[in-house]
Amino acid sequence: LNPGGDKTGFEVMHDQLPESYFDIIGSSAAEFSLLYLGAIVLANLTGIVVQPHFIATGGGSAKTEYDARVGLVVGNFLKRFCTLGWVLTALIAATLYADVPALVKEPDLTWGYASMQLLGPGFRGLMLACLLAALMSSVDAQMVVGAGLIVRNLYVPFLRPQASERECLWLGRLTGVIVVAGSCFFALTFYDMLEQLELTFWFPLVFAA
């Protein structure tokens, strides 16, 4: 709203930020070129079929094939609207804190810094709880699907076809521990969030191909 004649938030945003920030591709000197974005799209189209949530929702938890198809398509389109909120939040933070040296040097700190500055004590806790909930939902999917893949596709068919359910259960638990330990290793090794995101693009191609 603009009741007093002052500039609106979006006008201030356009004044302070480079025009390339509002372009999907970005400037010619942007970190992500059009060719790179195209490669990411192709990689995700190939690797998405082996993602844990696709294995669980696409073939394991839906009542019928039609339910699985509708759920996957609608859910993926709804998630695209979430990205609009992510982009808008990043633009607002870039406008508000463009003069903070720590964020210029380390952009990965922007979300936490903005949460501390804009949210009160109760809402900060809610933000942290939401982040942990989203993380745990992804981790438990990785654990369950990873354990199932190892036990049912490697251990039982090739190593011990006569394995009991109890033995498979314990192996699944051990696999879950290994998956979590591996996740902790990568989290502590790669401090760059972009590098971690790129791993999710390229690593599934090994199995999907």
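Number 230 marks the last residue of the sequence shown (the numbering used here); no jumps.
All C-beta atoms in this analysis are idealised placements derived from N, C-alpha and C, irrespective of residue type, glycine included.
The model shown is predicted, which means the values in this text are computed figures rather than measured ones.
At least 3 beta-carbon pairs within less than 8 Å: the segment 108-121 vs the segment 24-39: Counting Cβ pairs under 8 Å, three or more are found: they touch.
Could you compute how far the alpha carbon of residue 182 sits from the alpha carbon of residue 191? Locating residue 182 in the sequence shown gives position 161, counting from the first residue. Locating residue 191 in the sequence shown gives position 170, counting from the first residue. Rounded to whole angstroms, residue 182 to residue 191 spans 16 Å at the Cα level.
Alpha carbons only, please: which of 63, 28 and 104 is nearest the one belonging to residue 226? Indexing the sequence shown from 1 puts residue 226 at position 205. If we check each option's Cα against that of residue 226, 63 comes out closest.
At least 3 beta-carbon pairs within less than 8 Å: the segment 163-180 vs the segment 89-101: Touching, no.
Check whether chain B comes within 7 Å of residue 142, counting only Cβ atoms and requiring the distance to be less than that. No chain B is present in this structure, which holds just one protein chain.
Would you kindly work out how many angstroms separate the C-alpha atoms of residue 150 and residue 157, rounded to a whole number? What you label residue 150 is simply residue 129 of the sequence shown in a count that begins at 1. What you label residue 157 is simply residue 136 of the sequence shown in a count that begins at 1. It is roughly 10 Å from the alpha-carbon of residue 150 to the alpha-carbon of residue 157.
Using the three-state DSSP reduction, which class does residue 225 fall into: helix, strand or coil? The residue given as residue 225 occupies position 204 in the sequence shown. Coil at residue 225, not helix or strand.
Name the residue from 153, 110 and 189 whose alpha carbon lies nearest to the alpha carbon of residue 170. Here residue 170 is taken as the residue at index 149 of the sequence shown, counted from 1. Comparing Cα positions, the closest option is 189.
The alpha helix (DSSP H) enclosing residue 186, as first and last residue numbers: Walking along the sequence shown from the start, residue 186 turns up at place 165. Here the alpha helix (DSSP H) through residue 186 covers 186-210.
Can you give the Cα-Cα distance for residue 105 and residue 202, rounded to whole angstroms? Your numbering for residue 105 matches position 84 in the sequence shown. Your numbering for residue 202 matches position 181 in the sequence shown. When rounded, the distance between both Cα atoms is 33 Å.
I need the boundaries of the alpha helix (DSSP H) containing residue 171, first residue and last residue. Against the sequence shown, residue 171 aligns to sequence position 150. Bounds of the alpha helix (DSSP H) holding residue 171 are 142-171.
Starting from the N-terminal side, write out each stretch of the alpha helix (DSSP H) that is 4 residues or longer and does not extend beyond the segment 56-109. Taking only runs of at least 4 residues, the alpha helix (DSSP H) segments lying wholly in the segment 56-109 are 73-80.
Report all residues from its chain with a CB closer than 8 Å to the CB of residue 207; omit the five preceding and five following residues, and keep chain order. Translated into the one-based positions of the sequence shown, residue 207 becomes position 186. Listed in chain order, the non-local C-beta contacts of residue 207 below 8 Å within the same chain comprise 217 and 220, local neighbours out to five positions each way being set aside.
What whole-angstrom Cβ distance do residue 204 and residue 160 have, given they're in contact under 8 Å? Numbered from its first residue, the sequence shown carries residue 204 at position 183. Numbered from its first residue, the sequence shown carries residue 160 at position 139. Distance from residue 204 to residue 160 at the Cβ level is roughly 7 Å; contact confirmed, criterion being Cβ atoms closer than 8 Å.
Between the beta-carbon of residue 46 and the beta-carbon of residue 55, is there less than 7 Å? Working through the sequence shown from its first residue, we reach residue 46 at position 25. Working through the sequence shown from its first residue, we reach residue 55 at position 34. Annotated as proximal: residue 46 and residue 55, with beta-carbon spacing under 7 Å.
Apart from the five residues just before and just after residue 199, which ones in its own chain have a Cβ nearer than 6 Å to its Cβ? Position 178 of the sequence shown, counting from 1, holds the residue named residue 199. Shown here for residue 199: not one same chain residue has a beta carbon closer than 6 Å to its own, the five before and five after excluded.
Rounded C-alpha distance that separates residue 42 from residue 111: Here residue 42 refers to the residue found at position 21 of the sequence shown. Here residue 111 refers to the residue found at position 90 of the sequence shown. Computed Cα separation, rounded: 10 Å.
Which residues mark the beginning and the end of the alpha helix (DSSP H) in which residue 123 is found? The residue given as residue 123 occupies position 102 in the sequence shown. Start and end: 122-126.
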